[in-house]
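The first sequence begins at 1366 in my numbering and counts up one residue at a time. To keep things clear, I will list the structure first and then write my remarks on it.
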Amino acid sequence: MPELPEVETVRRGLAPAMEGKTILRAEIRRDGLRWPFPPRLAERLTGQRTLVMRRRAKYILSDLSSGETLLWHLGMSGRVLILDGDGPAQPGSFHYAHPHLAKHDHVELTLEGGTRLIFNDVRRFGALDLAPTPRIDDHPLLANLGPEPLGNGFDGAYLAAAFAGRNTPVKAALLDQRIVAGLGNIYVCEALHRTGISPKRKAGRLSAARAASLVPAIRNVLTEAIEAGGSSLRDYRQADGELGYFQHRFQAYGRAGKACTQDGCSGQITRIVQSGRSSFYCPTCQR
DNA sequence: CTCAGCTCCTGCGGGC
DNA sequence: TGCCCGCAGGAGCTGA
1366 MPELPEVETV RRGLAPAMEG KTILRAEIRR DGLRWPFPPR LAERLTGQRT
1416 LVMRRRAKYI LSDLSSGETL LWHLGMSGRV LILDGDGPAQ PGSFHYAHPH
1466 LAKHDHVELT LEGGTRLIFN DVRRFGALDL APTPRIDDHP LLANLGPEPL
1516 GNGFDGAYLA AAFAGRNTPV KAALLDQRIV AGLGNIYVCE ALHRTGISPK
1566 RKAGRLSAAR AASLVPAIRN VLTEAIEAGG SSLRDYRQAD GELGYFQHRF
1616 QAYGRAGKAC TQDGCSGQIT RIVQSGRSSF YCPTCQR
């Protein structure tokens, strides 16, 4: 489900609920999701205070008073619900629009003050892990990540160099978390559309200038999406991974058959499949 | 090393 | 109504 903007939205929702609060109880309802949970997960969480909530790429990192960091990955369908003390009282109660989804509530944390956090993941591609905070950047899931797209290490010169010699389509290159960390299918489609670059173009055959033009496009689309996610958070006060209002602003993703919205372009958004995943683009203005 | 294809899992919507 | 198919926002693993 979530790409960087959705994960950041979840982090921003969780931070005020978790930071400074002690985890009073951890209920782990299955052995793991994509991978087995770390040994003694419940015991290692119980009694710990969350110092700070961070994000790296599509991972949320909770630094705990024990000196360990809890790493969350939401996979395709992961979400986190925040239930206040005065919300639905019993585990498994109707806290979803579709109550049967509650059967995928895999982990539940009860915090000091009574707030409950529920990690729900229908498809179970998500993950939780614990590792020592000082070495968290060396965690196998984090060690090979490229720069943050909203950070200083991501600029035109970097991206042009990262693309050099690559024979893979630029669509696949931007999805490669080692090149830039946090993009997914939606925002790659949107950034390519904004820059007029075909998803089929080989990364290594883009001019340096065109490669560099992707940087502000990526930064802008991510920033706009985070802002839209934040607005939906205020309304629903949930940190679940739903797309915020930004989904109504997609110009390419999911718009097959619709008119291209670029100024002066009379083309039509088309869906193709690249390495097993949908790409939406305008063959007229994206070359 | 690079790259394409497969895989994990469940639910939903469309066509018949 | 039921069945089958394709599709879904991720990303690690395998083998060429």
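By construction, the Cβ of each residue, glycine as well, lies at the ideal position given by its N, Cα and C atoms.
**Helix, strand or coil at LEU1510 [DSSP, three-state]** = Taking the first sequence and counting its residues from 1, the one referred to as residue 1510 is at position 145. Of the three classes helix, strand and coil, the one that applies to LEU1510 here is coil, per DSSP.
**Item:** Inter-residue spacing [alpha-carbon to alpha-carbon] between CYS1625 and ILE1634
**Value:** Here residue 1625 refers to the residue found at position 260 of the first sequence. Here residue 1634 refers to the residue found at position 269 of the first sequence. Straight-line measurement puts the Cα of ILE1634 at about 6 Å from the Cα of CYS1625.
**Request:** Kindly list the residues whose CB is nearer than 6 Å to the CB of GLY1511, restricted to its own chain and excluding five residues on each side of it in sequence; keep chain order.
**Result:** Along the first sequence, one-based indexing puts residue 1511 at 146. These residues qualify, in order along the chain: ARG1543, ILE1544, VAL1545, ALA1546.
**Request:** Below 8 Å CB to CB, which residues in the same chain sit around ALA1556 once its five sequence neighbours on both sides are set aside?
**Result:** Translated into positions along the first sequence, residue 1556 becomes position 191. The residues LEU1539, LEU1548, LEU1579, ALA1582, ILE1583, VAL1586, in chain order, have a CB closer than 8 Å to that of ALA1556 in the same chain once the five nearest residues on each side in sequence are set aside.
**Message:** Less than 6 Å between C-beta atoms, sequence neighbours within five positions excluded: which residues of the same chain meet that for SER1427?
**Reply:** Locating residue 1427 in the first sequence gives position 62, where the first residue counts as 1. Hits under 6 Å: THR1415, MET1418, LEU1435.
**Asked** Taking all protein chains shown into account, do 16 or more other C-beta atoms lie within 10 angstroms of the C-beta of GLY1478, making it buried, or fewer, making it exposed?
**Response** As a position in the first sequence, residue 1478 is number 113, starting the count at 1. Exposed, by the Cβ-count rule.
**Asked** So what's VAL1487 in DSSP terms, helix, strand or just coil?
**Response** Counting from 1 along the first sequence, the entry for residue 1487 is found at position 122. Coil.
**Environment of HIS1613 [buried if 16+ CB atoms lie within 10 Å]** = Position 248 of the first sequence, counted from the start, is the residue given in the question as residue 1613. Its Cβ having fewer than 16 others within 10 Å, HIS1613 is exposed.
**Asked** For ASP1494, does the count of other Cβ atoms within 10 angstroms reach 16, so buried, or fall short, so exposed?
**Response** Within the first sequence, numbered from 1, the residue matching residue 1494 stands at position 129. Around the beta-carbon of ASP1494, 16 or more other beta-carbon atoms lie within 10 Å, marking it buried.
**Request:** Following the continuous beta strand (DSSP E) through PHE1645, name the residue where it begins and the one where it ends.
**Result:** Walking along the first sequence from the start, residue 1645 turns up at place 280. Segment 1642-1646, the beta strand (DSSP E) holding PHE1645.
**Asked** Is it the case that the Cβ atoms of ARG1593 and PHE1615 are separated by a distance below 8 Å?
**Response** Mapped onto the first sequence, residue 1593 falls at position 228. Mapped onto the first sequence, residue 1615 falls at position 250. For the record, residue 1593 in the displayed sequence is Ala; it is not Arg. 8 Å or more divides the Cβ of ALA1593 from the Cβ of PHE1615.
**Prompt:** Thinking C-alpha only, which one of ALA1525, GLU1371, ILE1393 is nearest ARG1444?
**Reply:** Sequence index remark: in the first sequence, residue 1444 carries index 79 (1-based). Nearest of ALA1525, GLU1371, ILE1393 to ARG1444, Cα basis: GLU1371.
**Prompt:** First and last residue of the alpha helix (DSSP H) that includes ARG1500?
**Reply:** Walking along the first sequence from the start, residue 1500 turns up at place 135. ARG1500 -> no alpha helix (DSSP H), and no H or E assigned at all.
**Asked** If you drop the 5 nearest sequence neighbours on each side, which residues of the same chain put their C-beta closer than 6 Å to that of GLY1457?
**Response** Counting from 1 along the first sequence, the entry for residue 1457 is found at position 92. Model confidence at GLY1457 stands at a pLDDT of 48, short of 50, so the residue's coordinates are unreliable; what they give is reported in the following sentence. Excluding the 5 residues flanking it on each side, GLY1457 has same chain C-beta neighbours closer than 6 Å at ALA1467, in chain order.
**Message:** Check this for me: beta carbons of TYR1552 and ALA1590, under 8 Å apart or not?
**Reply:** By one-based count along the first sequence, residue 1552 stands at place 187. By one-based count along the first sequence, residue 1590 stands at place 225. Taking 8 Å as the Cβ cut-off, TYR1552 and ALA1590 qualify as a contacting pair.
**Prompt:** Residue ranges of each beta strand (DSSP E) run of no fewer than 3 residues wholly in the region 1389-1461, ordered along the chain?
**Reply:** For the beta strand (DSSP E) assignment, the uninterrupted runs of no fewer than 3 residues enclosed by the region 1389-1461 are, from N- to C-terminal side, 1415-1421, 1424-1429, 1433-1438, 1443-1448.
**Item:** For ASP1628 and PRO1564, the rounded distance between their alpha carbons
**Value:** Here residue 1564 corresponds to residue number 199 of the first sequence, with the count starting at 1. Here residue 1628 corresponds to residue number 263 of the first sequence, with the count starting at 1. Each residue's alpha carbon lies about 19 Å from the other.
**Request:** In the DSSP assignment, find the unbroken beta strand (DSSP E) run with ARG1531 in it and report its ends.
**Result:** Mapped onto the first sequence, residue 1531 falls at position 166. For ARG1531, no beta strand (DSSP E) segment is defined, and its DSSP state is neither H nor E.
**Message:** Is CYS1647 near the ligand SAM - that is, is its Cβ less than 7 Å away from at least one heavy atom of it?
**Reply:** No copy of the ligand SAM appears in this structure; indeed no ligand is present at all.
**Prompt:** Per the contact definition of three or more C-beta pairs closer than 8 Å, is the region 1374-1393 in contact with the region 1508-1526?
**Reply:** Contact between the region 1508-1526 and the region 1374-1393 is absent, because fewer than three Cβ pairs lie under 8 Å.
**Request:** Assign VAL1535 to one of two classes, buried (16 or more other C-beta atoms within 10 Å of its C-beta) or exposed (fewer than that).
**Result:** As a working note, residue 1535 is residue 170 in the first sequence. Label assigned to VAL1535: buried.
**Asked** Mind checking whether THR1480 and ALA1382 have CB atoms under 8 Å apart?
**Response** On the first sequence, position 115 is the one that residue 1480 refers to. On the first sequence, position 17 is the one that residue 1382 refers to. In this structure, the beta-carbon distance from THR1480 to ALA1382 falls below 8 Å.
**Message:** DSSP has ASP1672 in a bridge; who is on the other side?
**Reply:** Here the chain comprises residues numbered 1366 to 1652, so residue 1672 is not present and cannot be evaluated.
**Message:** Whole angstroms are fine: how far does the CA of THR1475 sit from the CA of ALA1454?
**Reply:** Residue 1454 sits at position 89 when you count from the first residue of the first sequence. Residue 1475 sits at position 110 when you count from the first residue of the first sequence. Here the model assigns ALA1454 a pLDDT of 49, short of 50, so the residue's position is not dependable, and the following value carries that caveat. Taking C-alpha positions only, ALA1454 is separated from THR1475 by approximately 12 Å.
**Message:** Suppose contacts are defined by Cβ-Cβ distances below 8 Å. Is ARG1409 in contact with GLU1384 by that definition?
**Reply:** The residue given as residue 1409 occupies position 44 in the first sequence. The residue given as residue 1384 occupies position 19 in the first sequence. No, the Cβ-Cβ distance between ARG1409 and GLU1384 is not below 8 Å.
**Request:** In the DSSP assignment, find the unbroken beta strand (DSSP E) run with ILE1637 in it and report its ends.
**Result:** Taking the first sequence and counting its residues from 1, the one referred to as residue 1637 is at position 272. Per DSSP, the continuous beta strand (DSSP E) segment holding ILE1637 begins and ends at 1635-1639.
**Request:** Determine the direct distance from the alpha carbon of ARG1642 to that of ASN1485, and round the result to whole angstroms.
**Result:** Residue 1485 sits at position 120 when you count from the first residue of the first sequence. Residue 1642 sits at position 277 when you count from the first residue of the first sequence. Approximately 24 Å, taken between the alpha carbons.
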